[in-house]
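Novice:
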Amino acid sequence: MELNLGAHLTGKRGTPDYFTGEVWVEALAQSPSSNVQMARVSFAPGARTAWHTHPAGQILYISSGRGRVQKQGEPLREIHAGDTVIIAAGEKHWHGAAPDCPMQHIAVHTVVGGNSADWMEQVSDADYGG
Ligand code: MN
243 MELNLGAHLT
253 GKRGTPDYFT
263 GEVWVEALAQ
273 SPSSNVQMAR
283 VSFAPGARTA
293 WHTHPAGQIL
303 YISSGRGRVQ
313 KQGEPLREIH
323 AGDTVIIAAG
333 EKHWHGAAPD
343 CPMQHIAVHT
353 VVGGNSADWM
363 EQVSDADYGG
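If you read the sequence shown in the numbering used here, its first letter stands for residue 243, the second for the next number, and so on.
#1: Kindly list the residues whose CB is nearer than 6 Å to the CB of Asp-342, restricted to its own chain and excluding five residues on each side of it in sequence; keep chain order.
#2: Would you mind stating whether Ala-339 and Phe-261 have Cβ atoms separated by less than 8 Å?
#3: Less than 6 Å between C-beta atoms, sequence neighbours within five positions excluded: which residues of the same chain meet that for Gly-332?
#4: Where Gln-346 and Val-354 are concerned, what is the direct C-alpha to C-alpha distance, given to the nearest angstrom?
#5: For the beta strand (DSSP E) containing Tyr-303, name the first residue and the last one.
#6: Quick one: measure Cβ to Cβ for Ala-281 and Glu-268, integer angstroms, because I've assumed they're closer than 8 Å.
#7: Got a sec, what are the start and stop residues for the beta strand (DSSP E) Ala-339 sits in?
#8: Would the beta-carbon of Thr-326 be found less than 7 Å away from any heavy atom of the ligand MN?
#9: Excluding sequence positions up to five away, which residues of its chain have a Cβ less than 8 Å from the Cβ of Lys-313?
#10: Using 8 Å as the threshold, is the C-beta distance between Ala-292 and Val-350 below it?
#11: Among residues of its own chain, excluding the 5 on either side of Asp-325, which ones have a beta-carbon nearer than 6 Å to its beta-carbon?
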C-alpha cells in the first residue's frame, strides 16, 4: 500500500506489527558507505511505534505537530515541532503522536548487520496515556 504525498515523495503504511494506529514511513536517504538511513515518519493522532531499540541509537527531529516519546524507566515526555530527541544504542523506547494532534519526525539511524531496529511489545493504552 502506498500513498502519494505530492512532490516526489511516496510513503508506505507502517506495518501493524510495529505500530499502533495510522503511520506512514517515507525513506528519504540511505548512505551505502556509512549505512546511515534517514526517513520521515508521519503519525496520525493516537498513533505510535511499538517499544523498540536501535543497535546504534537514533536521532529524531520533530518536523511538525506534537507528540510523545518515552524511554524505559523514564516518564513520558511531550515533544513539539523543532525538538530533537537522542536515543542511545540499545535504549528501549517508543515515539508517536499526541492523542489529539498528528506528529511528523525525521528519523536518522544506522543499519548494523542489516538491522536498524529490534521490535518489542506494543505500547499499551495505559503507557501511552502516561
Ligand atoms: Mn526509535
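The C-beta atom is built at its ideal place from N, Cα and C for all residues, glycine as well.
Specialist: By the coordinates alone:
#1: Pro-287
#2: no
#3: Thr-295
#4: 25 Å
#5: 300-313
#6: 6 Å
#7: 335-339
#8: no
#9: Ile-329, Glu-333, Lys-334, His-335
#10: no
#11: Ile-304
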